[in-house]
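See below for the structure under consideration.
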Amino acid sequence: PIGAQDITDDIASAFGTRRAQAERMKCVHGSANASPRDNHEMIDVAPISAEEDASDGTRITKAQLISVIRQRLDHLIGEVSKALKDLKFEGPVGRQVVLTGGGAELKGIADYAQAALGRSVRIGRPRGLTGLPEAHATPAFTTLAGLAFYAAADPIDLRALSSKQQLVHRPKGFAVFRRLMAAARANY
5 PIGAQDITDD
15 IASAFGTRRA
25 QAERMKCVHG
35 SANASPRDNH
45 EMIDVAPISA
55 EEDASDGTRI
65 TKAQLISVIR
75 QRLDHLIGEV
85 SKALKDLKFE
95 GPVGRQVVLT
105 GGGAELKGIA
115 DYAQAALGRS
125 VRIGRPRGLT
135 GLPEAHATPA
145 FTTLAGLAFY
155 AAADPIDLRA
165 LSSKQQLVHR
175 PKGFAVFRRL
185 MAAARANY
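In our numbering, the protein residues as written are 5 to 192.
As structure tokens, then:
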């Protein structure tokens with residue numbers, strides 16, 4: 005799978021820092037769009053070997069960070085464009101792209117993707133879930149919410165279409181959603 009974790013890995017590699025620091029840099033300072041003032045804004049980078057004291061760290065410009073981000077975005081958007089073409093989502097079919105996942109929260113990503121793909125792009129957010137904490141009503145949880153709705157809708161079990169018939173216990177209705185939420189609460 006490809007996604008925003010690849011951007012984080014590229015940042016960590018390019019600037020010689022830990023992955024957690026790279027993720028923080030991406031979330032706090034990262035953007036898909038560059039501006040002239042990015043050359044003047046400085047970002048502290050803690051090296052991998054740094055303990056509590058970050059005095060050994062280096063400083064980079066925001067423009068350098070955005071350059072690393074854009075290199076990976078160019079690759080990711082290229083893959084998306086290729087996949088859309090391979091799936092024949094051209095012309096009136098597939099005119100809109102919906103970005104989901106934590107990477108969809110990157111500043112300027114929708115505008116960047118729209119310009120690169122030549123299609124309307126929007127950021128997906130979980131819909132139809134009542135009682136969801138505000139922190140979980142973000143693009144990062146959209147895929148999980150979609151999978152929960154899909155499982156709750158009782159779609160066709162593709163395993164039943166095979167030549168061997170098997171009996172499979174499958175929870176009905178919202179039982180699947182309740183089990184997913186219970187697992188999420190227990191583990192997060």
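Every residue gets a Cβ at the ideal spot worked out from N, C-alpha and C, and that includes glycine.
Computed from a prediction, not measured in an experiment: that's the story for all the values here.
When Arg123, Phe145 and Pro5 are compared, the shortest CA-CA separation from Arg131 is found for Phe145. Lys66 is classed as buried because its beta carbon has at least 16 other beta carbons within 10 Å across all chains shown. Straight-line spacing of the CA atoms in Arg74 and Ile47 works out to 17 Å. Residue environment: Leu91 is assigned as exposed (fewer than 16 neighbouring CB atoms within 10 Å of its CB, all protein chains considered). Of the residues assessed, Arg183 falls on the exposed side of the cut-off, its CB having fewer than 16 other CB atoms within 10 angstroms. Here Ala8 is actually not in contact with Tyr116; their C-beta atoms are around 13 Å apart, not less than 8 Å.
Contact check for Arg63 against Arg99 fails: the beta carbons are separated by 8 Å or more. Residue pairing of Ile47 in beta bridges, as defined by DSSP: Ile64. The beta carbon of Ala120 is closer than 6 Å to those of Ile81 in its chain, skipping five residues each way along the sequence.
As the crow flies, the alpha-carbon of Gln68 is around 10 Å from that of Glu45. Across the set Ser53, Asn43 and Ser39, the C-alpha of Ser53 shows the shortest separation from the C-alpha of Arg22.
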